[in-house]
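Single-structure report; data block below.
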Amino acid sequence: MSQSDTTAEFDGREAGYDVHAVQEKWLPVWDEIAPFRSGRPDDARPKKYVLDMFPYPSGDLHMGHAEAYALGDVIARYWVQQGFNVMHPIGWDSFGLPAENAAIKRGADPVKWTAENIEQQRSSMRRYACSFDWDRVLHTSDPGYYHWNQWIFLQMFERGLAYRKDSNVNWCPNDQTVLANEQVVQGRCERCDAVVTKKKLTQWYMRITDYADRLLDDMSQLEGAWPEKVLLMQRNWIGRSTGAHVHFAIEGRDEPVTVYTTRPDTLFGATFFVVAADSDLAAELAAGTDAQADFEAYLETVKQVSEIDRLSSERVKTGVFLQRYAINPVNGERIPVYAADYVLADYGTGAIMAVPAHDQRDWEFATAYGLPIVQVVQSPDDFDDSAAAYAGDGPAVNSGFLDGLRKADAIERMVAWLEEKDLGTGAINYRLRDWLISRQRYWGTPIPIIHCPSCGEVPVPEDQLPVVLPPTDGLDLSPKGQSPLAAAEDWVNVPCPRCGGASRRDSDTMDTFVDSSWYFLRFLDPSRTDVAFDPAQAREWAPVDQYTGGVTHAILHLLYARFFTKVLHDMGLVDFEEPFTRLLNQGMVGMNGATMSKSRGNLVRLSDELETNGVDAVRLTMVFAGPPEDDIDWADVSPSGSKKFLSRAWRLSGDVTSPVGVDVTTGDLALRRATAKAVDEATKAVESFRFNVAVAKTMELVNAARKAIDSGVGGGDPAVREAAEAVAIMLSLVAPYTAEEMWERLGHEPTVALVGWPSVDPALLVEDTVTCVVQVAGKVRDRLEVPPSIGEDELRELALASPAVVASLGGAGIRTVIVRAPKLVNIVPA
């Protein structure tokens, strides 16, 4: 059912229903009642933790927020109505580049700019009637929060999970900071869209690779509770593969170079050797050779290309011969060594054995550079080996002791041979890389390490936490390749905590994904000053029962939060290993087929929509537009239609004349059945995240009640009250202002949000009869009203006795009768 179809039935009269007056009326009442406060010590209801991904305070709420928080609110309010003590907190992910860049652009202080935006969003969220527990609020740029970022970092540092190393990193030339691999989208900075380059720096990392197997294997706990698409994205990002490490001797080099391959069975087909052009190994091998100048020139061109482009299957592979040779360990052949762009320095060992007959990238490179292509796996007869590489299975050929073996057996045999000869070992490899957390910007958590010339990297003592950001007065925050904190001399120059000598604070700040990796635990008691969170409270409330947010965080945020949770589990602070039990992803909100933006001229302001149609109509429109995971085009939906429906529902509450507490069992049976059916189907819809269906069932019930009244049942019939009260309660999930106003007009005290979900008498869901369709030769000839419990034999006899069926058969014989009791009989004539 579409929204236009449903609202077309409404007459559009809105007399007496002032959406803005209703909003102004109920907001202060709810503030006083605080219906969603979850910290009351005498609350014996079972606990449930519902959480929405917290927003970035970049300005007022927009249409994306309108959808996200309307959907999350349905879930939180539903479980409150089901009798749970629901914790539904809110906060702000308030550190990061957008605030800093905005402050630089405006000549403002990011502290003040962020605080103003938080207050603006807080006011809008209150107006939007989100069911947040306003006693549980945080923002990550509060020293009281990032104190514990620093504490967790130090626990990781102590355990070897936080470390510093030199490496080629992703560098955003616009924001002048490094980026984690996950923050590079199609070769561009996810924040500013600048083309990302490579730069060699000493940076801080978190050893997420130590948890790769657990991150992968524990996804079995999330099957059926997280979207399969998200699980697949994480599996692919972790990228576990099995194969072998193989040692290749390089002429003129003392130590062999180890490569990782998933196909050690193809070693006899390795005809050249490739090292990543931007790796230290390539520079080492080129040094002092006739190829050095050509290599250095080539390297400069490679640095200008993003990793995404380098790995693109459509890009022509390039390289330079390093005037060096490797030795194939299985046959002793000398094979040329190339530096090339299609191998990455941080994958495996930054070097590969090239088997062009059975790897398409190697085949393209060999074809371009005239290198040998030796088939070592027999391809099918219909495969053209001269046109492409064959990567499938088949018997080994031209492979010595492997000849005749198929892939699995050949791999096993080759690994055993390599280990016997001490030329390699079986191995597991991962696409996942350690998490680069250093950022060369001001607006983030300072890294709590002091660099001492004598003592090295020294942790800031816990009693000196938090290391608070210095004031921005006198600091130039503009991007310049190193953190602005390095210029804050009074802040950065400190004595070493161990030896007392002159030392310097680390001037980098942490990636903001550190902030969001554990914030769900800080909500347990965000004002605590003695601990990050109370493990006892974590046992009571956590993990999160239901998490809602955008699929854009499928890798970035969710993977890091899973990693942090496992570390905290290993520290004995939590008794679970997965942070979010269930996950719901919402779609995007666009306009006229495109993402909303000022430049496209299709920006729809939430404030304008709220002023025109009211909060409830916008919320209802967002929820009713389709399944939560679908994108919404605002041009295709009807907030004005939602407004008309809400007015119609409001008028229904005014038509009820029976007293509160009347015996509803004496009411009109047909309307009571309609109410029971609507509530039952809406319940199932909400619990399966089909919120639009729940709204449709509410609309159907309003129509059924109106039809009953107009047909003579009258507003005094107890069944009309039952229907109207059910409508108010169901609407409380999506249109809280209208629902509260209806509840008062029905004679009740506030608040409808706490009265409990309507109960359903199962007897009202049992149909007296069902319609059985009778077909002859596939054509409908009759419809029979029969009991739902009718048996096949009885239904067959009724169908064959039908005058319409007898006439249709015209005396012809019957070949077979197919009975699907109680709804279908199909008669096939002879």
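Residue numbers (the UniProt record's numbering): 1 to 830. By construction, the Cβ of each residue, glycine as well, lies at the ideal position given by its N, Cα and C atoms. What you are looking at is a predicted structure, and each value in this text was computed from that prediction instead of being measured.
For this session: Identify, in the order they occur along the chain, each residue of the same chain with its Cβ nearer than 7 Å to the Cβ of residue 239, setting aside the five sequence neighbours on each side.
Result: Within the sequence shown, residue 239 is the residue found at index 239, counting from 1. Excluding positions up to five away in sequence, the list reads 430, 431, 432.
Exercise. To which residues of the same chain is residue 747 closer than 6 Å at the C-beta, ignoring the five residues directly before and after it?
Worked result: As a working note, residue 747 is residue 747 in the sequence shown. 660.
For this session: Could you give the DSSP three-state label for residue 641: helix, strand or coil?
Result: Reading the sequence shown from its first residue, position 641 is the one you call residue 641. Note: residue 641 maps to helix in three-state DSSP.
For this session: Could you check how far apart the C-beta atoms of residue 775 and residue 781 are, in whole angstroms? I think they sit under 8 Å.
Result: As a working mapping, residue 775 is identified with position 775 in the sequence shown. As a working mapping, residue 781 is identified with position 781 in the sequence shown. Indeed, because the Cβ distance is near 7 Å, the residues count as touching under 8 Å.
Problem set entry | DSSP-derived helix/strand/coil call for residue 5 | Mapped onto the sequence shown, residue 5 falls at position 5. In this predicted model, residue 5 has a pLDDT of only 39, less than 50, meaning its place in the structure is not dependable enough to derive any value.
Exercise. Going along the chain, which residues of its own chain have a beta-carbon closer than 6 Å to the beta-carbon of residue 13, five neighbours each way excluded?
Worked result: By one-based count along the sequence shown, residue 13 stands at place 13. The pLDDT assigned to residue 13 is 37, lower than 50, so where the model puts this residue is not dependable; a value taken from the coordinates is nonetheless given after this. Here the set comprises nothing.
Problem set entry | Three or more C-beta pairs below 8 Å linking the stretch 219-239 and the stretch 323-333 | no
For this session: With a floor of 4 residues, list each alpha helix (DSSP H) that falls wholly inside the stretch 447-526, ordered by position along the chain.
Result: 489-492, 519-522
Problem set entry | Span separating the alpha-carbon of residue 831 from that of residue 655 | The first residue shown for the chain is 1 and the last is 830, placing residue 831 beyond what the model contains.
Exercise. Apart from the five residues just before and just after residue 194, which ones in its own chain have a Cβ nearer than 8 Å to its Cβ?
Worked result: As a working note, residue 194 is residue 194 in the sequence shown. Taken in chain order, the residues that qualify are 172, 173, 174, 175, 188.
For this session: Give the DSSP bridge partners of residue 772, in chain order.
Result: As a working mapping, residue 772 is identified with position 772 in the sequence shown. Partner(s): 784.
Exercise. Ordered along the chain, which non-local residues of its own chain (more than five positions away) have a Cβ less than 7 Å from that of residue 718?
Worked result: Numbered from 1 along the sequence shown, position 718 holds the residue referred to as residue 718. For residue 718, where only same-chain residues beyond five positions count, the Cβ hits under 7 Å are 658, 662, 663, 664, 666, 667.
Exercise. Just to confirm, are residue 640 and residue 613 a CB contact at a threshold of 9 Å?
Worked result: For the purposes of this step, residue 640 is taken as residue 640 along the sequence shown, with counting starting at 1. For the purposes of this step, residue 613 is taken as residue 613 along the sequence shown, with counting starting at 1. By the CB criterion at 9 Å, residue 640 and residue 613 fall inside the cutoff.
For this session: Below 6 Å CB to CB, which residues in the same chain sit around residue 573 once its five sequence neighbours on both sides are set aside?
Result: Translated into the one-based positions of the sequence shown, residue 573 becomes position 573. 535.
Problem set entry | CA-to-CA distance, residue 72 to residue 81, given in whole angstroms | In the sequence shown, the residue the question calls residue 81 occupies position 81. In the sequence shown, the residue the question calls residue 72 occupies position 72. Whole-angstrom Cα-Cα distance: 14 Å.
For this session: Identify whether residue 322 lies in helix, strand or coil by the three-state DSSP scheme.
Result: Looking up residue 322 in the sequence shown gives position 322. Three-state result, residue 322: strand.
Problem set entry | Bridge partner(s) assigned by DSSP for residue 52 | Taking the first residue of the sequence shown as 1, we reach residue 52 at position 52. BP columns for residue 52 point to 548.
Exercise. If you draw a straight line from the C-alpha of residue 391 to the C-alpha of residue 631, how long is it?
Worked result: Taking the first residue of the sequence shown as 1, we reach residue 391 at position 391. Taking the first residue of the sequence shown as 1, we reach residue 631 at position 631. Approximately 38 Å, taken between the alpha carbons.
Exercise. Out of curiosity, what's the CA-to-CA distance linking residue 269 and residue 287?
Worked result: By one-based count along the sequence shown, residue 269 stands at place 269. By one-based count along the sequence shown, residue 287 stands at place 287. The straight-line gap from Cα to Cα measures roughly 28 Å.
Exercise. Expressed to the nearest angstrom, what Euclidean distance is found between the alpha-carbon atoms of residue 42 and residue 556?
Worked result: Counting from one through the sequence shown, the residue named residue 42 turns up at place 42. Counting from one through the sequence shown, the residue named residue 556 turns up at place 556. Rounded to whole angstroms, residue 42 to residue 556 spans 39 Å at the Cα level.
For this session: Pull up the distance between the alpha-carbon of residue 314 and that of residue 341, whole angstroms please.
Result: Taking the sequence shown and counting its residues from 1, the one referred to as residue 314 is at position 314. Taking the sequence shown and counting its residues from 1, the one referred to as residue 341 is at position 341. Residue 341 has its alpha-carbon roughly 13 Å from the corresponding atom of residue 314.
Exercise. Under a three-way DSSP split, which group does residue 110 fall into?
Worked result: Numbered from its first residue, the sequence shown carries residue 110 at position 110. Here residue 110 sits in helix by DSSP.
Exercise. What residues in its chain sit with their C-beta under 6 Å from that of residue 428, if we drop five residues either side in the sequence?
Worked result: Within the sequence shown, residue 428 is the residue found at index 428, counting from 1. Only 242 meet the Cβ criterion.
Exercise. DSSP on residue 236, reduced to helix/strand/coil?
Worked result: Residue 236 sits at position 236 when you count from the first residue of the sequence shown. Residue state, collapsed to three classes: helix.
Exercise. Within 10 angstroms of its Cβ, does residue 359 collect 16 or more other Cβ (buried), or is it exposed?
Worked result: In the sequence shown, counting from the first residue as 1, residue 359 sits at position 359. Buried, because 16 or more other Cβ atoms sit within 10 Å of the Cβ of residue 359.
For this session: Grab me the residues of residue 604's own chain with a C-beta within less than 7 Å of its C-beta, minus the 5 sequence neighbours each way, in chain order.
Result: The count along the sequence shown starts at 1 and reaches residue 604 at position 604. Here the set comprises 63, 591, 596, 634.
Exercise. What is the residue span of the beta strand (DSSP E) that residue 748 lies within?
Worked result: Locating residue 748 in the sequence shown gives position 748, where the first residue counts as 1. Where residue 748 is concerned, there is no enclosing beta strand (DSSP E), given that its DSSP letter is neither H nor E.
For this session: Tell me whether the beta-carbon of residue 203 lies closer than 9 Å to the beta-carbon of residue 436.
Result: Locating residue 203 in the sequence shown gives position 203, counting from the first residue. Locating residue 436 in the sequence shown gives position 436, counting from the first residue. Cβ distance < 9 Å, so residue 203 and residue 436 count as in contact.
For this session: Write down every uninterrupted run of the alpha helix (DSSP H) in the stretch 76-145 whose length is 4 residues or greater and which is fully enclosed by it, in chain order.
Result: 97-106, 110-127
Problem set entry | Pairwise C-alpha distance: residue 55 and residue 738 | In the sequence shown, counting from the first residue as 1, residue 738 sits at position 738. In the sequence shown, counting from the first residue as 1, residue 55 sits at position 55. Computed Cα separation, rounded: 27 Å.
Exercise. Taking one C-beta from the stretch 126-133 and one from the stretch 21-37 each time, how about it: are there three or more such pairs within less than 8 Å?
Worked result: yes
Problem set entry | Residues of its chain near residue 680, where Cβ-Cβ distance is below 7 Å and the 5 sequence neighbours each way are ignored | Position 680 of the sequence shown, counted from the start, is the residue given in the question as residue 680. Correct list, in chain order: 760, 765.
Exercise. What are the boundary residues of the beta strand (DSSP E) that residue 199 is part of?
Worked result: Counting from one through the sequence shown, the residue named residue 199 turns up at place 199. Element bounds for residue 199: 197-206.
For this session: If I'm right that residue 149 touches residue 445 with Cβ under 8 Å, what's the distance once you round it to whole angstroms?
Result: In the sequence shown, counting from the first residue as 1, residue 149 sits at position 149. In the sequence shown, counting from the first residue as 1, residue 445 sits at position 445. Yes, they are in contact, since the Cβ atoms of residue 149 and residue 445 sit about 4 Å apart, within 8 Å.
Exercise. So, residue 484 versus residue 520, is the Cβ gap smaller than 9 Å?
Worked result: Indexing the sequence shown from 1 puts residue 484 at position 484. Indexing the sequence shown from 1 puts residue 520 at position 520. Cβ atoms of residue 484 and residue 520: not closer than 9 Å.
Exercise. First and last residue of the alpha helix (DSSP H) that includes residue 800?
Worked result: Mapped onto the sequence shown, residue 800 falls at position 800. Counting along the chain, the alpha helix (DSSP H) containing residue 800 begins and ends at 792-801.
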